[in-house]
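Going by this note's numbering, the sequence shown opens with residue 62, and the numbers climb by one from there.
Note that CB positions come from ideal geometry on N, CA and C, so glycine has one too.
Following: one structure in C-alpha cells, then a few remarks.
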Amino acid sequence: MKLFYGLVIHSKSIDDLRFLPNTALIVEHGKIVYIEESADVDKIQQQYQISPENVVVLKENEFLMPGMIDTHIHAPQYVNAGFGLELPLLGWLNKYTFPTEARFSDLNFANEVYTRVVANTLSNGTTTAMYFATIHKESALLLGDIAHQIGQRAFVGKVSMDQNSPDYYIEEKSSAIKEIEDFITTLQSKNYPNVQPVITPRFAITCSMELMKNLSELASKYNVNIQTHVSENPAECEVAVSLHEGCRDYVDIYAQANLLTAKTILAHGIYLSDDELEVLHKFQTSISHCPNSNCSIRSGMCDVRRLMMKGLHVGLGTDVSGGFNPSILDAMRFAITVSNILSLSKSEDYKPLNFKDVFFMSTLGGAQALGVGDKIGSFEIGKDFDALVINLSQTDGNLELWPNESIENRLSKWIHLGDDRTISRVYVHGVEVKEGASNILRVKRL
Ligand code: GUN
Ligand code: FE
62 MKLFYGLVIH
72 SKSIDDLRFL
82 PNTALIVEHG
92 KIVYIEESAD
102 VDKIQQQYQI
112 SPENVVVLKE
122 NEFLMPGMID
132 THIHAPQYVN
142 AGFGLELPLL
152 GWLNKYTFPT
162 EARFSDLNFA
172 NEVYTRVVAN
182 TLSNGTTTAM
192 YFATIHKESA
202 LLLGDIAHQI
212 GQRAFVGKVS
222 MDQNSPDYYI
232 EEKSSAIKEI
242 EDFITTLQSK
252 NYPNVQPVIT
262 PRFAITCSME
272 LMKNLSELAS
282 KYNVNIQTHV
292 SENPAECEVA
302 VSLHEGCRDY
312 VDIYAQANLL
322 TAKTILAHGI
332 YLSDDELEVL
342 HKFQTSISHC
352 PNSNCSIRSG
362 MCDVRRLMMK
372 GLHVGLGTDV
382 SGGFNPSILD
392 AMRFAITVSN
402 ILSLSKSEDY
412 KPLNFKDVFF
422 MSTLGGAQAL
432 GVGDKIGSFE
442 IGKDFDALVI
452 NLSQTDGNLE
462 LWPNESIENR
472 LSKWIHLGDD
482 RTISRVYVHG
492 VEVKEGASNI
502 LRVKRL
C-alpha cells in the first residue's frame, strides 16, 4: 500500500474541475482504494498500518493530478519531429513520412527510436499513449515490449495499408489480414497488463474497402480498439471520397466498412458535416484533436466546441510528427490558441476552450475518448492509479510563482508555462516510472 497526501486536482467532467486540499489517497495493487479530502494523514497512516517509506507527503508547491493521455501519436515519426513541415498532408506523407516509416523494418533502428519515444513521452507526463507504429509486425510488437518494460500504458497499432502507397511501403493484399491477426494474438498472448493491440487502418486513401471490412471483423472478434484518420485536409477528403464509390462522405466510408464503434477513435475531423457528426454520435465514436499538427502542416482549425456540443468525446493528440511536439502540455496550449482564433469569427456567446477545459481533455476526456473512462483519467476508488506529481518550485524555466497566488491561477500558470522539469514523479498503475525514463533520455544515442 502507498499513501499520498496533499493537494489533489482532477476533473469529474468538463465543467467540474476539483481542487482537493489536504487529501489522502491510498493505492493498493495499482488501484485507488481510498480517497478523503481534508484528511488526518497520521490517523490514516496508523489505521491502515502504512510504513513511513510508503507515505508520499506533497510539499507546499506540489500537487497530484491524473496522468495525461495522448490519444494520437505516431511512434516512428518521432525521428522527424520538428522538421519537414513545409508540405501539406499528402505531399508530406510521400516526401517525409513514408520513407521514414519504411526504415522500421530494421529492428535495431526501431528499438532505438521506440525506446526514446516511450521514455520521452513518459517523462513529459504521458501515462497513456495511443500509438500508430508502422506496417511491420515485428517492430510494432517491439513497441509493445518497450512500453511494457519502461512502464507506459499503451495502445499499439500495427498500421494496415494496401493501396495508393509507395512500392517500398505497402502491404501485400494477400497477407495483410494474416499479419494483423498474428500481431493481435501475439501481443495479447504476452499478457502485458497495460499494453493492448489496436486495429489501425491508416486512412481511407491507403486502405481498400475489402481490407477495412476484414479489419472490422477482427476488431469485433478480438474486442480491440480501432484508430484511423478522418477529414484532416480538403485535398485528402476529396481523394478519399472519390476512391470509394457509393460512399456519401468521408464518415460513410468507415460506416460502410463497419469500423465505427464505441471503441473507435478518429484523428482530426476538421471538415465533418453535421450529418457526419450525427453518424459518429450514433456509433459513440470519438475524435482525437491534434491542434499542433493541424497548424503545422496547415490542415485547418477544428472547432472542438462544435464536436462536443454534438455529444462526441474529444481527446487531445500530439500527432507527432505532423505535430512537432511530443508533450501533451503543448497540445493543451495549441488547443486553447486554435479555439481563441476560431472564436474571433464566432458570435459573442461562443466560449473558447480555457485551461480547465484542456485539463479535462488531457485526462478524463482522453480516457473517455479511448473508451477507458471507467478505468483511468481521474481519481476514483477502483480506478487504476496513473498520476503525476507536479512541482511548481522550478529554479529554472519560465514558470515563476508569486506569494499568495490562488490554486486556480497556479494550475493555469503550469498549463501555460510548465514543462517536463515540473513533472517530478510519474506513476502508471501504481508504479513509479519517471526515473527510469529519465535515465534512458540521459544517454544520447544515434
Ligand atoms: N493521414 C494518414 N497518415 C497520416 C499520418 O501519418 N499523419 C497525419 N497527420 N495524417 C495522416
Ligand atoms: Fe496522425
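(message) For C268 and I314, I'd like the C-alpha separation in whole angstroms.
(response) In the sequence shown, residue 268 corresponds to position 207, counting from 1. In the sequence shown, residue 314 corresponds to position 253, counting from 1. Distance between the alpha carbons of C268 and I314 is about 11 Å.
(message) Taking a contact to mean a Cβ-Cβ separation below 7 Å, would you say I331 touches C356 in this structure?
(response) Along the sequence shown, one-based indexing puts residue 331 at 270. Along the sequence shown, one-based indexing puts residue 356 at 295. No, the Cβ-Cβ distance between I331 and C356 is not below 7 Å.
(message) If distances are taken between C-alpha atoms only, which option among D76, I75, Q106 and F416 comes closest to F65?
(response) Position 4 of the sequence shown holds residue 65. Ranking the options by Cα distance to F65, first place goes to Q106.
(message) Using a Cβ-Cβ cutoff of less than 7 Å, which residues in the same chain neighbour A190 once the five nearest sequence positions on both sides are dropped?
(response) Within the sequence shown, the letter at position 129 stands for residue 190. So the list reads D131, I134, T182, Q213 and A215, once near-sequence residues are dropped.
(message) Please report the distance separating the alpha-carbon of I476 from that of R394.
(response) Numbered from 1 along the sequence shown, position 415 holds the residue referred to as residue 476. Numbered from 1 along the sequence shown, position 333 holds the residue referred to as residue 394. The straight-line gap from Cα to Cα measures roughly 7 Å.
(message) Check whether the stretch 436-450 and the stretch 476-493 are in contact - that is, three or more C-beta pairs closer than 8 Å.
(response) Cβ pair count under 8 Å is three or more, so yes.
(message) Going residue by residue through the stretch 145-185, where are the continuous alpha helix (DSSP H) segments of at least 4 residues, counting only ones entirely within it?
(response) You should have 150-153, 159-163 and 168-184.
(message) Suppose you measure from the CA of P413 to the CA of S400; what does that come to, to the nearest Å?
(response) As a first step, residue 413 must be located in the sequence shown, where it is residue number 352. As a first step, residue 400 must be located in the sequence shown, where it is residue number 339. Near 5 Å, if we compare the C-alpha coordinates of S400 and P413.
(request) Give the C-beta separation of K198 and F244 to the nearest angstrom, bearing in mind that I take them to be a contact with Cβ-Cβ under 8 Å. (result) Numbered from 1 along the sequence shown, position 137 holds the residue referred to as residue 198. Numbered from 1 along the sequence shown, position 183 holds the residue referred to as residue 244. Yes, K198 and F244 are in contact; Cβ-Cβ is about 5 Å, under 8 Å.
(message) Considering Cα atoms alone, identify which of S439, N500 and S499 is closest to L125.
(response) Taking the first residue of the sequence shown as position 1, residue 125 is located at position 64. Distances from the CA of L125 to each of S439, N500 and S499 were compared; the closest alpha carbon is that of S439.
(message) Here's the rule: buried if 16 or more other CB atoms are within 10 angstroms of the residue's CB, otherwise exposed. What is Q429?
(response) Counted from its first residue, the sequence shown places residue 429 at position 368. It is buried - the Cβ of Q429 has at least 16 other Cβ atoms within 10 Å.
(request) Just the C-alpha distance for A208 and T379, rounded to the nearest angstrom, thanks. (result) Here residue 208 is taken as the residue at index 147 of the sequence shown, counted from 1. Here residue 379 is taken as the residue at index 318 of the sequence shown, counted from 1. One C-alpha to the other measures close to 18 Å.
(request) Just list the beta strand (DSSP E) runs in the stretch 270-297, keeping only unbroken ones of 3 residues or longer that don't cross its boundaries, in chain order. (result) 286-291
(message) If we define contact as Cβ-Cβ less than 7 Å, is V220 a contact residue for chain D?
(response) Chain labels in this structure do not include chain D; a single protein chain is all it has.
(request) Give the single residue among H290, M270 and L272 whose Cα lies nearest to the Cα of F264. (result) By 1-based counting over the sequence shown, the position of residue 264 is 203. Of the listed residues, the one whose Cα sits closest to F264 is H290.
(request) Report back the beta-carbon spacing between Y157 and N172 to the nearest angstrom; my notes put them in contact at under 8 Å. (result) As a first step, residue 157 must be located in the sequence shown, where it is residue number 96. As a first step, residue 172 must be located in the sequence shown, where it is residue number 111. Their Cβ separation, rounded to whole angstroms, is 22 Å, which puts Y157 and N172 out of contact at 8 Å.
(message) Measuring only from the beta carbon, is H391 closer than 6 Å to any heavy atom that is part of the ligand FE?
(response) Here residue 391 corresponds to residue number 330 of the sequence shown, with the count starting at 1. The displayed chain sequence assigns Asp, not His, to residue 391. No, the ligand FE has no heavy atom inside 6 Å of this Cβ.
(request) Specify the secondary structure class of R79 as computed by DSSP and reduced to three states. (result) To locate residue 79, count along the sequence shown from 1; it is residue 18. Of the three classes helix, strand and coil, the one that applies to R79 here is strand, per DSSP.
(message) Check whether the stretch 412-426 and the stretch 368-378 touch, using three or more Cβ-Cβ pairs below 8 Å as the test.
(response) Taking 8 Å as the limit for Cβ pairs, the verdict is that the stretch 368-378 does touch the stretch 412-426.
(message) Looking at the ligand FE, does it come within less than 6 Å of A428, judged from the CB to the closest heavy atom?
(response) By 1-based counting over the sequence shown, the position of residue 428 is 367. No, the beta carbon of A428 sits no closer than 6 Å to any heavy atom of the ligand FE.
(request) Check K239 in the structure and name its three-state DSSP category. (result) As a working note, residue 239 is residue 178 in the sequence shown. Note: K239 maps to helix in three-state DSSP.
(message) So, with DSSP's three-state summary, where would you put L68?
(response) Taking the sequence shown and counting its residues from 1, the one referred to as residue 68 is at position 7. Three-state DSSP puts L68 in a strand.
(request) Go ahead and label L405 buried or exposed: buried means 16 or more other beta carbons lie within 10 angstroms of its beta carbon, across all protein chains shown. (result) Taking the sequence shown and counting its residues from 1, one reaches residue 405 at position 344. Per the 10 Å Cβ criterion, exposed.
(request) Would you decide whether D223 is buried or exposed? Buried here means 16 or more other CB atoms lie within 10 Å of its CB. (result) As a working mapping, residue 223 is identified with position 162 in the sequence shown. Under this definition D223 is a buried residue.
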